[in-house]
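Read in order, the letters of the sequence shown are residues 838 to 1117 in our numbering.
Glycine included, C-beta positions come from ideal geometry on N, C-alpha and C.
In this text, all values refer to a predicted model and were calculated from it rather than measured experimentally.
In what follows, a structure is listed as structure tokens, so that the remarks can point back to it.
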Amino acid sequence: MFDPRDPYERYYWHYESRRPLSIAQIIALDSVDAQTVALVWLLLERGASLTVAGPTDPQPGVGKTTTLNALLQFLPEGTGLAYMSGMYEDFSFTRLPDLDPSTTYALCNEVSDHLPIYMWGRIARRYLMLPKQGFHIATSVHADTIDDVITMYHRDLRLGVEDVRRLGIIVNIGLTGRVYPPRRRWFSVYFVQAHADPACPNNIVPLPLSLWNKFDDTFEHTDQSMLDELANWANLSCQDFDAALKLRTDSLLELSQGSGVDMHEMYGAISEMRTREKQP
């Protein structure tokens, strides 16, 4: 059975990439900008679940695993990771008496029917419903657009509307251009609206946080009204949310200078910033 403590097994089960990159290095490569990542950072710190989606046309090296691992550094302090065992998963960890769901992220290498080490069908559905029990999830999928991700979750895997609304951040990444080496970009970042619209209670509403503009290779960001809605979800005042977002944006701009700091340095920078924020 899968042992996540073994680096070889984590690689064999597709939980680690051949060439890990920090989020600062990913920004330095222009795959995404600092403001987009800062917003994802802030939402992950407040307990948002995460899906990283890549192309349905299988392309090696698109970066789903690399991106997912880089973003895991932003999980709240004290978070525990529960590694899933694909179609062999029995979810016994949910019955541990001393496990706190609110501080636990269930990590799945991929939701798809490609390999037994991934999750699909009733196993995937049970996994994706873990947030209903208070857990958080982080996973990757093959999907080209936000609509494809929602369709997979809601129709193919038959998740209820309320379950989809608990799934938080959805990042779609891919390759662009016809030159070598290929350029990787975060095509879109969405946050699934957590509450129902009284006028359309059965609608699933993904809120656009960042969209890549292919014409000038830039990232277009959400407006203040949507940031205020996210602040409400995060139980922060609008002023505190905006200040925290700016602090993280400025930090990422500094950390991504040149080729960007590595994973170890990134971890240290995150820890240092959190310590500073706690000081009166």
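- Around the Cβ of ASN1039, a 10 Å sphere holds fewer than 16 other Cβ atoms; the residue is exposed.
- Nearest in C-alpha terms to VAL877, of all of PRO1117, SER949, ARG1015 and ILE1007, is ILE1007.
- Rounded to whole angstroms, the separation of the alpha carbons of LEU967 and MET1103 is 29 Å.
- Under the three-state reduction of DSSP, TYR990 is assigned to helix.
- Its chain contains VAL948, VAL978 and ALA980 as the residues whose beta carbon lies nearer than 8 Å to that of MET989, once the 5 sequence neighbours on both sides are disregarded; these appear in chain order.
- Less than 7 Å divides the Cβ of PRO938 from the Cβ of GLN970.
- If you keep only unbroken alpha helix (DSSP H) runs of at least 4 residues inside the segment 934-968, you get 958-965.
- The Cβ-Cβ distance between PRO1043 and VAL1029 falls below 7 Å.
- Per DSSP, PRO841 is not a residue of any alpha helix (DSSP H), being assigned neither H nor E.
- Taken through DSSP and simplified to helix, strand or coil, SER868 comes out as coil.
- Around the beta-carbon of LEU965, 16 or more other beta-carbon atoms lie within 10 Å, marking it buried.
- Excluding its 5 nearest sequence neighbours in each direction, PRO857 has C-beta neighbours in its own chain below 7 Å: THR903, ASN906 and MET1100, listed in chain order.
- Setting aside the 5 residues that flank it on each side, ARG855 is surrounded in the same chain by TYR848, each with a C-beta closer than 8 Å to its C-beta; the list follows chain order.
- Rounded to whole angstroms, the gap between the alpha carbons of LEU944 and ALA1106 is 24 Å.
- Judged by DSSP in its simplified three-state form, ALA907 adopts helix.
- ASP1099 sits in coil when the DSSP states are folded into three classes, being neither helix nor strand.
- Remark: C-beta atoms of ILE983 and SER886 do not approach each other more closely than 7 Å.
- Contact between ILE1010 and PHE1024 holds: their C-beta atoms lie close to 6 Å from each other, under 8 Å.
- Restricted to the segment 1053-1083, the alpha helix (DSSP H) segments that are unbroken, complete and at least 4 residues in length are 1061-1070, listed in chain order.
- Out of ASP985, TYR955 and SER1047, the CA that lies nearest to the CA of PRO892 is found in ASP985.
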